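Undergrad: Note that the protein sequences, when read in sequence, are chains A and B. Mapping of the first sequence onto my numbering: position 508 corresponds to residue 685, and the numbering continues sequentially without gaps. Mapping of the second sequence onto my numbering: position 10 corresponds to residue 130, and the numbering continues sequentially without gaps. Where a beta carbon is used, it is the ideal one built from N, C-alpha and C, also for glycine. Here the structure is a predicted model, which means the values were calculated and not measured. Dropping a structure here in structure tokens format, bear with me for questions.
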Amino acid sequence: MSDCYHCGQAIDKGIHLTAFVLGEERDMCCIGCQAVANAIVANGGESFYQYRSDLNETPEFTLDNLPTTVKQELSLFDNLDVLQDIAQANESGYEATFIVEGITCAACAWLIEKQLADFAGVKSVRLNLTEHRLYLSWDQKVSPLSEIISRIYSIGFKAQPYSPDAAQQQLKAEQKQSIQRLVLAALGTMQAMMFAVPLYVGEWSGILIQYETYFRFAGLAITTPVVLYSAKPFFKAFWRDLKTRHLTMDVPVSIAIGGAYIASVYSTFTQGEEVYFDSVCMFTFFLLVGRFLEARVRLKNGEAGSELHSLMPRATLKVLENGDEALVPVNQIQVGDVIRIVPGSPIAADGEIVAGSSSVDESIITGEFIPVHKQGGSPVIAGSLNIENPIDIKVTALGKDTQISTIMNLLDRATQDKPKIAQLADTLAQYFVAGVLLTSVIVFTTWYFIDSDRAFWITLSVLVATCPCALSLATPTALTASTAALRRNGVLITRGHVLETLRKSRRILFDKTGTLTLGQLNIEKTVAVHSTEEEAFLIAASLESHSQHPIATAFQSDEVLTVDNIQNHSGEGISGSIKNLDYKIGTAQFLGHNLTPPDDRHWIGLAQNDRLLAWFLLSDQVRPHAKEAIQALTNLSVECELLSGDQSRHVQEIAQQLNIKTFHGGVSPQGKLDYLAKQDPEDVTIMIGDGINDVPVLAQAPVSIAIGSASDLAKTHADVILINNQLKRIPQLVKQAHKTARIIKQNLLWALLYNSSILPLAAMGVVPPYIAAIGMSSSSLVVVFNALRLNRLPK
Amino acid sequence: MEIIYITVPVTLLFIACGVAIFFWANKGGQFDDLDSPAHRILFDDDDAKPKQAEPKDKAKDSDS
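This is how it looks when you write it as structure tokens:
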């Protein structure tokens with residue numbers, strides 16, 4: 178059997194689904210893929226399959242069985258109040274931006290654009306492939322937004338209205354400006370070098386004074402915008418450092434750029450000895466390239482869905498006084514109102530249950546995906562997910578007052594508290610700056626007594642010759658090479674400091690569910706009592722196929738029997754009849770008759786009438802390679818600890834299974850922050866997590882790592898993302914960090930060696946500018962080539 | 121050699137024009153998305169004749 182034509186997943190036995198694509202019947206793995214493929218073909222997008230370079234994601238749902246939340250949201254898009262909120266009116270209708278999920282390659286972008294352009298009311302549609310943003314302008318009267326967005330869902334993608342916050346807009350504007358700075362510096366460098374050639378040649382063969390001055394002015398004309406515009410960020414940082422009395426690499430960089438430029442200007446007007454315009458431009462350009470690449474990585478990973486907002490529903494059912502229900506936007510709900518939450522939709526506000534009982538997934542606070550049973554009087558929190566039955570809630574808090582918002586506040590505080598770790602290059606810069614300034618003073622004083630006319634020029638050439646080009650490239654080149662190598666292996670570094678910080682780390686804190694474990698239940702063991710294992714599983718799977726509870730995912734099966742009289746008993750189990758026999762599956766209490774499971778782990782039983790058929794042991798399985806990863810980390814003398822929101826003894830089991838000595842269960846998001854604060858800052862603690870409840874601690878930890886399947890919010894605040902969810906990459910990451918540190922040290926040593934060897938020559942006044950320029954470039958090249966050695970990851 | 125009194129200012133003018141055009145293009149969002157335009161041009165080509173293209177590409181498709 179071949180793999181699914183649409184998403185590439187292996188097709189399970191017993192599934193025979195096909196879709197007619199590109200003149201052939203293609204096998205499909207699920208009705209989702211089939212519906213999407215049919216929709217694409219029916220809407221004339223067939224050639225998409227010819228051009229896509231990557232397989233699609235498996236769609237979570239089809240248009241026919243959209244979750245209630247999505248349906249609600251879609252119907253709400255045509256409500257004028259809501260429309261005002263998410264879109265701007267323009268002359269021909271509205272325009273708005275959406276985040277699209279599920280895009281895997283350029284063909285997806287093309288497909289979406291083409292599909293939406295079919296609508297008569299769509300004026301313009303543009304999809305940005307880099308950011309996965311869809312810009313849409315449409316006429317609401319001709320094509321309602323709900324129809325347009327439904328089409329996106331029907332072809333297997335998801336779309337959410339997007340409104341960037343101020344910080345993101347600023348980041349974007351800065352990125353735009355940095356491209357401009359870079360391009361100006363690049364063009365300026367090329368041209369300044371061109372104008373420098375006649376000057377260098379003239380140095381050997383002689384040049385008429387009027388031509389020399391002319392080319393110097395040309396150089397000046399080209400360099401001035403580069404210094405004033407492209408190099409502006411360095412001067413800004415220099416000024417900030419001066420005010421805070423803190424020497425960073427920006428200080429020598431600014432002194433070199435500013436000093437060389439001013440000296441060259443002075444020299445141009447007074448027909449002095451030398452100009453350094455080409456060096457100034459080149460230096461600025463090299464440094465900007467490094468910063469640009471770093472900023473680009475950060476922007477790319479930091480943007481998608483960074484708002485907590487997207488977790489909250491936009492609409493909810495309000496229970497009116499006469500008992501009817503009406504769909505209203507959440508911002509029209511008030512404290513004291515009663516709202517109805519249907520199964521499968523998130524709870525819109527903090528509140529208290531007044532009618533009904535159900536299981537609620539509170540992973541947003543606890544990180545645990547197994548739902549908690551709630552009944553009349555129980556408090557529920559906004560953002561958690563109702564699983565089984567409809568419940569009515571009396572609203573106690575809304576919007577900013579909800580518990581989930583406190584996570585946002587914790588997050589803000591944690592981000593500010595993040596310890597700043599002095600970077601190697603910055604520490605070095607302090608000595609370097611002091612050294613250069615001191616030397617310059619000595620050189621000037623000495624020459625003043627030897628030959629007072631030349632003293633100024635020789636001091637300047639000392640400053641330029643010691644221009645810390647290689648020194649300031651030493652770190653960024655190594656970091657860029659290392660980051661690229663890690664990225665190819667599924668480790669995404671989103672903050673520049675990570676590799677330098679990681680090597681000092683002595684402790685690593687793991688979250689349990691979803692991080693060390695897969696975050697989904699599996700049947701670990703079946704104990705058949707009055708039945709065979711196969712028969713028991715078939716009956717259990719048939720019953721569970723009618724449940725939304727996460728336990729049901731453990732019983733997935735292709736063939737199920739028809740079940741009648743199905744009843745969900747929230748927090749207990751399911752009952753139903755198959756071929757006129759009554760069955761029950763659930764907890765021991767639910768089955769009754771004083772049954773006791775084999776031990777106190779997570780067992781659920783299956784019974785026919787009063788006869789026990791089988792016990793199933795459910796567990797959340799440990800991720801592959803978790804044990805090896807922890808062993809490898811211990812060998813690198815990094816201590817591993819487990820910190821979980823789970824209160825059960827499962828924490829201890831996992832810890833023992835993985836040889837983790839220190840473990841803590843039942844820790845709240847605040848508790849995790851407190852625990853982190855207690856750690857010795859010298860240990861540079863790494864935090865690894867995935868859930869919303871981990872977000873504050875991820876933000877505060879000196880280094881934080883998020884699993885690739887983590888929530889978007891967690892990924893946004895993590896320094897590192899493990900794209901393929903492979904824990905074995907963590908020890909590799911630590912090793913690479915050590916290797917990077919080694920390379921950086923070599924680079925710095927070389928740069929210092931070069932600078933200090935040219936210093937005495939410059940001090941004696943025997944270094945002409947072309948030698949200084951060649952020396953500077955070649956020492957920079959050595960640094961770059963050395964950094965390229967980081968391209969391969971250590972095993 | 122007097123020619124350089126003309127050529128150098130012309131060079132500077134060219135550079136200034138280049139930079140100005142780039143800034144203008146960047147402000148208009150031309151460099152926001154560097155990935156999709158490269159592919160888009162390939163897809164749009166076949167819109168007019170999808171029926172004829174099909175049988176020929178079938179063999180190639182099934183193994184991709």
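What does the alpha-carbon distance come out to for the pair Gly560/A and Pro879/A?
TA: Within the first sequence, numbered from 1, the residue matching residue 560/A stands at position 383. Within the first sequence, numbered from 1, the residue matching residue 879/A stands at position 702. Each residue's alpha carbon lies about 28 Å from the other.
Undergrad: Taking Cβ positions, are Val255/A and Ser323/A nearer each other than 8 Å?
TA: Here residue 255/A refers to the residue found at position 78 of the first sequence. Here residue 323/A refers to the residue found at position 146 of the first sequence. With the sequence shown as reference, residue 255/A is identified as Asp, and Val is not the correct amino acid for it. Yes.
Undergrad: Along chain B, in chain order, which residues have C-beta atoms closer than 9 Å to that of Lys353/A?
TA: The sequence position of residue 353/A within the first sequence is 176, counting from 1. Neighbours of Lys353/A on chain B, chain order: Asn146, Lys147, Gly149, Phe151 and Asp152.
Undergrad: If you follow the beta strand (DSSP E) that Leu926/A is part of, which residue opens it and which one closes it?
TA: Counting from 1 along the first sequence, the entry for residue 926/A is found at position 749. Premise fails: Leu926/A lies in the alpha helix (DSSP H), Arg906 to Met941, not in any beta strand (DSSP E).
Undergrad: Quick check: is the beta carbon of Thr131/B nearer than 8 Å to any beta carbon in chain A?
TA: As a first step, residue 131/B is located in the second sequence; it is residue number 11 there, counting from the start. Yes, Thr131/B lies at the interface with chain A (some Cβ there is under 8 Å from its Cβ).
Undergrad: Establish whether the CB of Ile135/B and some CB of chain A are separated by less than 8 Å.
TA: Taking the second sequence and counting its residues from 1, one reaches residue 135/B at position 15. Yes, its Cβ sits closer than 8 Å to a Cβ of chain A.
Undergrad: Opposite Arg203/A in the DSSP bridges: which residues?
TA: Taking the first residue of the first sequence as position 1, residue 203/A is located at position 26. DSSP lists Ala196/A as partners of Arg203/A.
Undergrad: Can you confirm whether Ala481/A, when its beta carbon is compared against all beta carbons of chain B, has any partner nearer than 8 Å?
TA: The residue given as residue 481/A occupies position 304 in the first sequence. Any answer about Ala481/A is weak, because its pLDDT of 43 lies below 50 and its placement is not dependable; what the coordinates show is given next. Taking Cβ atoms only, chain B never reaches closer than 8 Å to Ala481/A, which makes this a no.
Undergrad: Alpha carbons only, please: which of Ile865/A, Leu899/A, Glu818/A and Glu859/A is nearest the one belonging to Gly842/A?
TA: Taking the first sequence and counting its residues from 1, the one referred to as residue 842/A is at position 665. Ranking Ile865/A, Leu899/A, Glu818/A and Glu859/A by Cα distance to Gly842/A puts Glu818/A first.
Undergrad: For Leu304/A, which option in Lys291/A, Thr657/A, Gly696/A and Phe372/A has the closest C-alpha, if you only look at C-alpha atoms?
TA: Taking the first sequence and counting its residues from 1, one reaches residue 304/A at position 127. Nearest of Lys291/A, Thr657/A, Gly696/A and Phe372/A to Leu304/A, Cα basis: Lys291/A.
Undergrad: If you follow the beta strand (DSSP E) that Ile863/A is in, where does it begin and where does it stop?
TA: The residue labelled residue 863/A in the question sits at position 686 within the first sequence. That run of the beta strand (DSSP E) goes Ile863 to Gly866.
Undergrad: Between Leu810/A, Ser649/A and Leu715/A, which has its C-alpha nearest Val961/A's C-alpha?
TA: Walking along the first sequence from the start, residue 961/A turns up at place 784. The candidate whose alpha carbon is nearest that of Val961/A is Ser649/A.
Undergrad: In the region 286 to 367 of chain A, which residue ranges form an unbroken beta strand (DSSP E) of at least 3 residues, counting only runs that do not cross its ends?
TA: The region 286 to 367 of chain A contains these whole beta strand (DSSP E) runs: 299 to 305, 310 to 315 and 335 to 338.
Undergrad: My parser needs the beta strand (DSSP E) runs of 3 or more residues fully inside the region 772 to 808 of chain A; what are they?
TA: Counting whole runs of 3 or more residues, the region 772 to 808 of chain A contains the beta strand (DSSP E) stretches 780 to 785 and 788 to 799.
Undergrad: Determine the burial state of Tyr182/A: buried for a count of at least 16 other Cβ atoms within 10 Å of its Cβ, exposed for fewer.
TA: The residue you call residue 182/A lines up with position 5 of the first sequence. Counting Cβ neighbours within 10 Å, Tyr182/A comes out buried, since at least 16 surround it.
Undergrad: Counting only beta-carbon separations shorter than 8 Å, does Val360/A have a partner in chain B?
TA: For this step, residue 360/A is matched to residue 183 along the first sequence. Yes - at least one Cβ of chain B is within 8 Å of the one on Val360/A.
Undergrad: What does a CB cutoff of less than 7 Å around Arg906/A pick up in its chain, not counting 5 residues either side in sequence?
TA: As a first step, residue 906/A must be located in the first sequence, where it is residue number 729. So the list reads Asn666, Gly667, Val668 and Leu899, once near-sequence residues are dropped.
Undergrad: Looking only at its own chain, which residues have a Cβ that is under 6 Å from the Cβ of Glu484/A, when we skip the five neighbours before and after it?
TA: On the first sequence, residue 484/A is found 307 positions in, with the first residue counted as 1. Confidence is the limiting factor: at Glu484/A the pLDDT is only 47, short of 50, which leaves the residue's position unreliable, though a coordinate-based value still follows. So no residue of the chain qualifies.
Undergrad: One question on the structure: do Leu306/A and Asp152/B come within less than 8 Å of each other, judged by their Cβ atoms?
TA: Start at 1 with the first residue of the first sequence, and residue 306/A comes out as number 129. Start at 1 with the first residue of the second sequence, and residue 152/B comes out as number 32. No, the Cβ-Cβ distance between Leu306/A and Asp152/B is not below 8 Å.
Undergrad: Which residue comes first and which comes last in the beta strand (DSSP E) that contains Asn699/A?
TA: Stepping through the first sequence from its first residue, residue 699/A is reached at position 522. Looking at the DSSP string, the run of the beta strand (DSSP E) that includes Asn699/A is Thr694 to Ala705.
Undergrad: Which residues does DSSP pair with Tyr377/A in a beta bridge?
TA: Position 200 of the first sequence, counted from the start, is the residue given in the question as residue 377/A. Looking at the DSSP assignment, Tyr377/A forms no beta bridge with any residue, so it has no partner.
Undergrad: Looking at Leu986/A: is its Cβ nearer than 8 Å to the Cβ of Gln317/A?
TA: What is shown of chain A runs 178 to 972, which leaves residue 986/A out entirely.
Undergrad: From Pro801/A, Asp776/A, Leu929/A and Gly691/A, pick the residue whose C-alpha is nearest to that of Leu820/A; which is it?
TA: As a position in the first sequence, residue 820/A is number 643, starting the count at 1. Closest option to Leu820/A, Cα to Cα, is Gly691/A.
Undergrad: Return the CA-CA distance between Ile751/A and Glu701/A, expressed in angstroms with no decimal places.
TA: The residue you call residue 751/A lines up with position 574 of the first sequence. The residue you call residue 701/A lines up with position 524 of the first sequence. For Ile751/A and Glu701/A, the distance between alpha carbons rounds to 20 Å.
Undergrad: Any beta carbon from chain B within less than 8 Å of Ala395/A's own beta carbon?
TA: Numbered from its first residue, the first sequence carries residue 395/A at position 218. Taking Cβ atoms only, chain B reaches closer than 8 Å to Ala395/A, which makes this a yes.
Undergrad: Could you check whether the region 220 to 238 of chain A touches the region 189 to 200 of chain A, counting it as contact only if at least three pairs of C-beta atoms, one from each stretch, sit closer than 8 Å?
TA: Judged by Cβ distances under 8 Å, the region 220 to 238 of chain A makes contact with the region 189 to 200 of chain A, as three or more pairs qualify.
Undergrad: In the DSSP assignment, find the unbroken beta strand (DSSP E) run with Asn267/A in it and report its ends.
TA: For the purposes of this step, residue 267/A is taken as the residue at position 90 of the first sequence. Unbroken beta strand (DSSP E) run through Asn267/A: Gln265 to Asn267.
Undergrad: Nearest chain B C-beta to Gln368/A closer than 8 Å, yes or no?
TA: Here residue 368/A refers to the residue found at position 191 when the first sequence is read from its first residue. Yes, contact with chain B.
Undergrad: Buried or exposed: which applies to Val844/A, given that a residue is buried once 16 or more other Cβ atoms fall within 10 Å of its Cβ?
TA: The sequence position of residue 844/A within the first sequence is 667, counting from 1. Classification for Val844/A: buried.
Undergrad: Could you tell me whether the Cβ of Ile399/A comes closer than 8 Å to any Cβ of chain B?
TA: One-based indexing of the first sequence puts residue 399/A at position 222. By this cut-off, Ile399/A is an interface position.
Undergrad: Under 8 Å, Cβ to Cβ, is there at least one residue of chain B near Leu820/A?
TA: Position 643 of the first sequence, counting from 1, holds the residue named residue 820/A. Cβ-Cβ to chain B under 8 Å: no for Leu820/A.
Undergrad: For chain B, find out if any of its Cβ atoms is closer than 8 Å to the Cβ of Thr307/A; answer yes or no.
TA: Taking the first residue of the first sequence as 1, we reach residue 307/A at position 130. Yes, because at least one Cβ of chain B sits closer than 8 Å to the Cβ of Thr307/A.
Undergrad: State buried or exposed for Phe609/A, treating a residue as buried only when at least 16 other CB atoms are found within 10 Å of its CB.
TA: Your numbering for residue 609/A matches position 432 in the first sequence. Buried: at least 16 other Cβ atoms inside 10 Å.
Undergrad: Going by the C-beta, is Ser407/A closer than 7 Å to any heavy atom of the ligand MN?
TA: Looking for the ligand MN in the displayed structure turns up nothing, as the structure carries no ligands at all.
Undergrad: Applying the 10 Å Cβ sphere with the 16-neighbour rule, what's the burial state of His726/A?
TA: Here residue 726/A corresponds to residue number 549 of the first sequence, with the count starting at 1. Under this definition His726/A is a buried residue.
Undergrad: Where do the ends of the beta strand (DSSP E) carrying Tyr760/A lie?
TA: Translated into positions along the first sequence, residue 760/A becomes position 583. From DSSP, the beta strand (DSSP E) with Tyr760/A extends over Leu758 to Gly763.
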